[in-house]
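Mapping to full-length UniProt numbering: the sequence shown position 271 is 271, numbers consecutive.
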Amino acid sequence: MIAAVYSAPAAIFTLVVAARDVLGGGPIWPTAVAGYVTLLVTGALVFRRYVPHVTAGVSVAVFIASYALGTHFSPGLTWFPVIASLYALAVYRSSRAAWIWTAIASAAAVLCSIVVETDWITIVGFSFMWSMSLVIATLVGITFGNRRRYIQALLDRAWQLARERDQQAQIATAAERARIAREMHDIVAHSLTVIVALSDGAEASIDRSPDVAKEAVRQSASTARRALADMRRSLGVLTSDHAPAPGELAPQPGLSELPELIESYRSAGLPVRFTERGREPADPVTQLTVFRVVQEALTNALRYALEPTAVDVDLVYGDDRIRITVTDDGREAGRGAASVGSGSGLIGMRERVAVHGGSVTAGPVGTRGWRVTAEFDARGEVAR
């Protein structure tokens, strides 16, 4: 836009001077040079946003040259590109660069006027007018440049906040997926392991003890229905668009459900002995962690331990820490088989306990048996 505003009057002026020279019989070359200079300055102005230093250098050089040439190329037309280039420097680069070029242009114009002019009044007047116009252009450019940079900073900040918000949403989504995956693993692994054990027991006793087989089948069906209800509760939040029914708002399992959990493993044939000491924590998240750790440890014992005679579950509720120990004396054969499991259960236990600033260890006990130990904060504080 600025290049167009400049090029139009410059071209008209050049044509008028050319017509005057031709009609008056004067030389045409000064006008031709003026035309080429007009094209040069116009091209420099077009790229003032991208190379303002080059535009400023070309504009100042053309102005000094036109001032020296005088009548064949009006200094007034070359004054405008210098103003525009200094404004562009202040807006698109920095105020420091604009002030440097302002000083260079002012000094060059003053020296040129001293050489060309003989009247000191003219020299002083020209120098003052030229310098003030350059300072005003620079100040206006700095004002608009600072506002432009401020608005750009606000836009960059808004974009950064939006990106951080998206990242936080992605992190929250990943955490929620991991939580649901842990819940589903705990529900499915526990239920299917108990169902398989009860089904094997029913098959083995159906001929000699039909009543025992019927009870095993009944407990298997009860376990399956309970697992189905737990899965619906866990996944209902993801699939439902309406408010959940009262039955869907049942609390997560806690310490009050531990006896029922342990009894289900006993029914599946696991000789569980349960002891607990200390005061139970009131925090529901801590209670859920205790329940899930015990559930996963007993599920592993039922799946992997061969011919155990005792599985001891020992809970110690301290003032600051909770310690869970699950030990079985089953044979170790088969625990390390590649087809036994994926290891997700142990990973899930460690993730749950790590949230409370704790740790989980699991390994063999002597030549026979396996022990899982979990210890974490009893006050329900989340590790950061």
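We put the beta carbon where it would ideally sit given N, CA and C, even for glycine.
Count the C-beta pairs between the stretch 188 to 206 and the stretch 298 to 309 that are closer than 8 Å, then say yes if the count reaches three, no if not.
yes
Which complete beta strand (DSSP E) runs does the stretch 118 to 161 hold, if anything under 3 residues is left out?
You should have found no qualifying run.
Identified DSSP bridge partners for Val311:
Val272 and Asp328
Return the Cβ separation of Gly369 and Asp329 in integer angstroms, given the expectation that the two are a contact with Cβ distance under 8 Å.
4 Å
Any idea if Gly254 is buried or exposed, counting beta-carbon neighbours within 10 angstroms, 16 or more meaning buried?
buried
Following the continuous beta strand (DSSP E) through Glu375, name the residue where it begins and the one where it ends.
Trp370 to Asp377
Residues near Val212 in its chain [Cβ-Cβ closer than 7 Å; skip 5 each side]:
These residues qualify, in order along the chain: Ser205.
What does the alpha-carbon distance come out to for the pair Leu154 and Gln167?
Leu154 and Gln167: Cα-Cα distance of roughly 20 Å.
Segments assigned alpha helix (DSSP H), at least 4 residues, entirely inside the stretch 53 to 116
Every alpha helix (DSSP H) stretch that sits fully inside the stretch 53 to 116 and reaches 4 residues is listed by chain position as 75 to 92 and 95 to 116.
Given a cut-off of 8 Å on the beta-carbon distance, is the pair Leu270 and Phe291 in contact?
Going by beta carbons, Leu270 and Phe291 fall outside the 8 Å limit.
Going by the CB atoms, is the gap between Arg323 and Val313 shorter than 8 Å?
no
The alpha helix (DSSP H) spanning Gly348 covers which residue range?
Unbroken alpha helix (DSSP H) run through Gly348: Ser344 to Val355.
Between which residues of its own chain and Arg49 is the CB-CB distance below 8 Å, once the five residues before and five after are set aside?
Ala88 and Tyr92
Residue burial classification, Tyr265 (beta-carbon count within 10 angstroms, cutoff 16)
buried
Pick from Val294, Val372 and Thr327: whose alpha carbon is nearest that of Thr309?
Thr327
Can you tell which of Ala103, Val194, Met231 and Ser59 has the C-alpha that lies nearest to the C-alpha of Glu263?
Val194
Short Cβ contact (8 Å threshold) for Thr173 with Val135:
no
Using CA atoms only, rank isn't needed, just tell me which of Pro281, Leu198, Arg148 and Phe144 is closest to Leu223.
The amino acid occupying residue 223 in the given sequence is Thr; Leu does not appear at that position. If we check each option's Cα against that of Thr223, Leu198 comes out closest.
Anticipated Cβ contact below 8 Å, Ile104 with Ile114, distance rounded:
Contact flag wrong, Cβ pair sits at about 16 Å.
Over the uninterrupted alpha helix (DSSP H) stretch that includes Ala297, give me the two end residues.
From DSSP, the alpha helix (DSSP H) with Ala297 extends over Pro284 to Tyr304.
Start and end residues, alpha helix (DSSP H) containing Ser209:
First-last for Ser209: undefined, no H or E at that position.
Report back the beta-carbon spacing between Thr286 and His356 to the nearest angstrom; my notes put them in contact at under 8 Å.
Under the criterion of beta carbons closer than 8 Å, Thr286 and His356 qualify as touching, at roughly 7 Å.
Close Cβ partners of Ala338 (< 8 Å) along its chain, the five nearest in sequence each way excluded
Because Ala338 carries a pLDDT of 37, less than 50, the predicted location of this residue cannot be relied on, and no value is offered for it.
Given a threshold of 16 other Cβ atoms within 10 Å of its Cβ, counted over all protein chains shown, does Met129 qualify as buried or as exposed?
Under the 10 Å beta carbon count, Met129 is surrounded by fewer than 16 other beta carbons and is classified as exposed.
To the nearest angstrom, how far is it from the Cα of Arg148 to the Cα of Thr138?
15 Å
Which value, in whole angstroms, describes the spacing of the CA atoms of Gln152 and Phe144?
Computed Cα separation, rounded: 12 Å.
Identified DSSP bridge partners for Leu221:
Correcting the residue identity first, residue 221 is Ala in this sequence and not Leu. Beta-bridge pairing links Ala221 to no other residue.
Bounding residues of the beta strand (DSSP E) (the contiguous stretch that carries Pro364):
Ser359 to Pro364
So what's Tyr317 in DSSP terms, helix, strand or just coil?
Tyr317: strand per DSSP, three-state reduction.
Met349 burial status per 10 Å Cβ neighbour count (16 or more: buried)
buried
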